[in-house]
Amino acid sequence: MKTLFLSLLLAGSISTVTWAQSAAEANAKYDAKDYKGSGQVYDQVLKNGKGSTADHYNAACSWALAGDKDKAFAHLGKAIDKGYLNISHLKQDSDLNSLHSDKRWEKLVQQLQANVDKAEANYNKPLKAQLEQIYEDDQKYRRMIGKVQQEHGPQSEQFQELIRKMWAADKENLEQIIAIIEEHGWPKKSMVGGAASQAAWAVIQHIGQDQKELMEKYLPMMREAAEKGELQKSSLALTEDRVRMYNNQPQLYGSQLKNNPETNKPEFYPIEDEANVDKRRATIGMEPLSEYAKRFGLEYTPPTSDNK
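The sequence shown runs -20 to -1, 1 to 288 under mature numbering (1 follows the signal peptide of the UniProt record, and there is no 0).
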């Protein structure tokens, strides 16, 4: 399974927009089960040595599914060299099942485990465990929303009970995160690992508009963490957009949607300088807005500077 969308920041002759468009093409070919084509696109954009751990990991998935073990192992090796540490995901990823019988697999897993052990030696492990549980509590009800809404409808008692449980969990999670930040500062990847560090962001991101001042309070911490590589810039972008939306200002990255009461369908909240939104998204590793829109069943055509 693919990791989160590619970072894909490229210096040099290829623009970040072109780079992100190539990533979207590779991702589309993967989704269409054209795994060889997907791998070839990845190889083309990664040939200069740039790219993130996620880029190489995704390339490895495509090549493994295409049956080219040599290229799959080559990309996994580069991902590990660049700092990939998610060993549990790698072991469970069905995209890589064809590699398990190869003698190189065990050696690669051992190398990754050694890197994980080294990285985790300085982690605050009790805090890591607490944050991982907070993240699970944040997500478990949200994972059920689509299914319950589809089966029972948004006005059903089943759906309303699910929302009440989610809000109760959000309240408890927020209290814990506030206490953690007061004691430790922003939970950094270098302190608790990448997955656990996302818990604080997720909980803050789910603050309602009635508590927007709290979100604004922690936004400078998020910006500092993102600048230092301790928080994904794409995550920060979602918070920047939500704060703007809560303050009735146009968003920057197009991450926020609203329901159109006339059509009862989602649509993008207004976007500042919309003609250049894909350029802004590309600089922080987000896919083009037309690809993002498909997640919500929307067709999106970006405006030109002459047709705003």
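Where a beta carbon is used, it is the ideal one built from N, C-alpha and C, also for glycine.
All figures in this text were calculated on a predicted structure; none of them were measured in a lab.
Item: For a test of the three-state rule: what should DSSP assign to Glu247, helix, strand or coil?; Value: strand
Item: How many angstroms separate the CA atom of Tyr115 from the CA atom of Ala182?; Value: 7 angstroms
Item: Can you look up Gln156 in the DSSP assignment and give me helix, strand or coil?; Value: helix
Item: Would you kindly report the start and end of the unbroken beta strand (DSSP E) that includes Lys238?; Value: Leu237 to Asn240
Item: Using a Cβ distance threshold of 8 angstroms, determine whether the segment 127 to 136 contacts the segment 202 to 214, with at least three qualifying pairs required.; Value: no
Item: Would you say the segment 120 to 130 touches the segment 65 to 84, given that touching needs at least three Cβ pairs under 8 angstroms?; Value: no
Item: Buried or exposed, going by whether 16 or more other CB atoms sit within 10 Å of the CB of Asp258?; Value: buried
Item: Compare the beta carbon distance of Leu111 and Ala176 with 8 angstroms and say whether it is the shorter of the two.; Value: yes
Item: Take every Cβ of the segment 236 to 244, pair it with every Cβ of the segment 258 to 268, and state whether three or more of those distances are shorter than 8 angstroms.; Value: no
Item: For Asp97, count neighbouring C-beta atoms within 10 Å of its own C-beta (all shown protein chains included) and say buried if the count is 16 or more, exposed if not.; Value: exposed
Item: Give me the residue from Lys13, Asn7, Ala12 and Lys120 with the minimum Cα distance to Ala34.; Value: Asn7
Item: Can you look up Gln229 in the DSSP assignment and give me helix, strand or coil?; Value: coil
Item: Restricting to Cα atoms, I'd like to know which of Leu107, Glu210 and Tyr121 is closest to His186.; Value: Tyr121
Item: CA-CA distance, Arg144 and Lys192?; Value: 20 angstroms
Item: Are Ala46 and Leu79 touching if we call contact CB-CB under 8 angstroms?; Value: no
Item: If you drop the 5 nearest sequence neighbours on each side, which residues of the same chain put their C-beta closer than 6 angstroms to that of Glu15?; Value: Per the sequence shown, residue 15 should be read as Tyr rather than Glu. Only Ser42, Leu45 and Ala46 meet the Cβ criterion.
Item: Roughly how many angstroms separate the alpha carbons of Gln231 and Gly174, rounded to a whole number?; Value: 26 angstroms
Item: With DSSP as the reference, label Tyr198 as helix, strand or coil.; Value: helix
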